[in-house]
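For reference, the structure is listed below as structure tokens.
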Amino acid sequence: MLRLVSINSPQNPTGSVLGPADIAALRDIVAATNIVIVSDEVYEHIIFDGLTHESMARYPDLAARSFIVGSFGKTYHVTGWKVGYAVAPSALTAEFRKVHQFVTFSTHTPTQYALADFLAARRGLAELGPFYEAKRNLFLRLMEGSRFRPLPCHGSYFQLLDYSAISSESDADFAIRLTREYGVASIPTSPFLSRERAPLVLRFCFAKKEETLEAAAERLQAV
Ligand SMILES: Cc1ncc(COP(=O)(O)O)c(C=O)c1O
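Under my numbering, read the sequence shown as residues 34 to 256, first letter to last.
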């Protein structure tokens with residue numbers, strides 16, 4: 034039987050990031066097994082606070098059993114284009130391609146050429162982390178003094194806010210109310226969890242213009 038561990042760092046929705054201790058724990062788990070790792074690293078360049086992205090590609094023993102998943106959408110601000118890639122040892126990609134051809138029939142060619150050209154120029158990767166880190170910092174600063182409590186976020190462009198000081202409504206009900214009554218859209222976290230009782234936490238996206246973050250925070254401050 035083939036078993037698989039799926040990991041995602043930087044993580045959506047929590048913004049948490051795997052560190053060296055997590056990698057050591059992962060190594061312990063998979064050692065002496067035939068476990069395959071699917072490592073979703075689409076936010077690899079969107080990492081803050083001086084942290085280093087712990088790609089499976091950095092560790093030959095883990096890379097040898099990993100599919101590393103990347104997205105040009107996150108790195109090059111083209112999320113709607115839905116173009117990404119998976120990197121794995123050839124024995125694994127041989128199996129992957131048998132499935133892939135039935136899942137994704139084709140990808141739009143001009144987009145692939147455009148991304149290839151952009152990739153060759155290697156522009157903008159180093160700025161991506163600081164670019165979003167500044168937005169996270171701005172959003173957190175603007176939310177200071179509100180009744181929402183931010184949870185730590187070290188990567189991705191999502192900030193979790195705990196609203197337990199405001200309401201005991203379910204996250205879906207509260208998210209709908211925030212959208213209808215305050216005009217700020219968020220994402221409930223319960224669909225990401227298998228637990229029955231989800232924490233009173235919503236996910237907010239800070240990949241927005243400064244003025245949008247300011248307008249959102251002003252409304253959230255009034256909740
Ligand atoms: C963790 C994670 N993986 C994969 C994806 C899919 O990315 P794309 O739509 O660019 O292929 C997303 C998109 O939100 C994501 O958050």
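All C-beta atoms in this analysis are idealised placements derived from N, C-alpha and C, irrespective of residue type, glycine included. For clarity, every value in this text was computed on a predicted model and none was experimentally measured.
Assigned with DSSP and collapsed to three states, Ile199 falls in coil, not helix or strand. For Ala119, the uninterrupted beta strand (DSSP E) run begins and ends at Gly117 to Val120, by DSSP. Relative to the non-hydrogen atoms of ligand 1, the Cβ of Tyr165 never comes closer than 8 Å to any of them.
At least one heavy atom of ligand 1 lies closer than 8 Å to the C-beta of Gly106. Rounded to the nearest whole angstrom, the C-alpha separation of Ala90 and Pro224 is 30 Å. Every unbroken stretch of the beta strand (DSSP E) spanning 3 or more residues and falling wholly within the segment 36-63 is given here in chain order: 37-41.
Taking the Cβ of Lys242 as the reference point, every heavy atom of ligand 1 lies at 8 Å or farther away. In the three-state DSSP reduction, Ile209 falls in the helix class (H, G or I).
In the DSSP assignment, Asp73 falls within the beta strand (DSSP E) that extends over Val69 to Asp73. Collapsing the DSSP output to three states places Leu148 in a helix. Per DSSP, the continuous beta strand (DSSP E) segment holding Arg236 begins and ends at Val234 to Cys238. Relative to the non-hydrogen atoms of ligand 1, the Cβ of Thr142 never comes closer than 8 Å to any of them.
Not a single heavy atom of ligand 1 lies less than 8 Å from the C-beta of Asp204. DSSP, read as helix, strand or coil, puts Pro143 in helix. Taking C-beta atoms as the reference points, Tyr92 and Arg60 count as a pair closer than 9 Å. In chain order, Gly162, Tyr165, Glu166, Arg169, Cys186, His187 and Gly188 place their CB closer than 8 Å to the CB of Phe81, counting only its own chain and leaving out the 5 sequence neighbours on each side. Across the set Arg182, Arg236, Pro183 and Ala58, the C-alpha of Arg236 shows the shortest separation from the C-alpha of Asp204. DSSP places Ser123 in the uninterrupted alpha helix (DSSP H) bounded by Ser123 to Val136. For Gly117, the distance from the CB to the nearest heavy atom of ligand 1 is below 8 Å. Remark: C-beta atoms of Val69 and Arg98 approach each other more closely than 9 Å.
Between Leu211 and Asp195, the gap from beta carbon to beta carbon reaches 9 Å or more. Within the same chain, and ignoring the five residues on either side of Arg36 in sequence, the residues whose Cβ sits closer than 8 Å to its Cβ are Thr66, Asn67, Ile68 and Val69. When C-beta atoms of the segment 107-127 are compared with those of the segment 148-159, three or more pairs fall below 8 Å, so the two segments count as touching.
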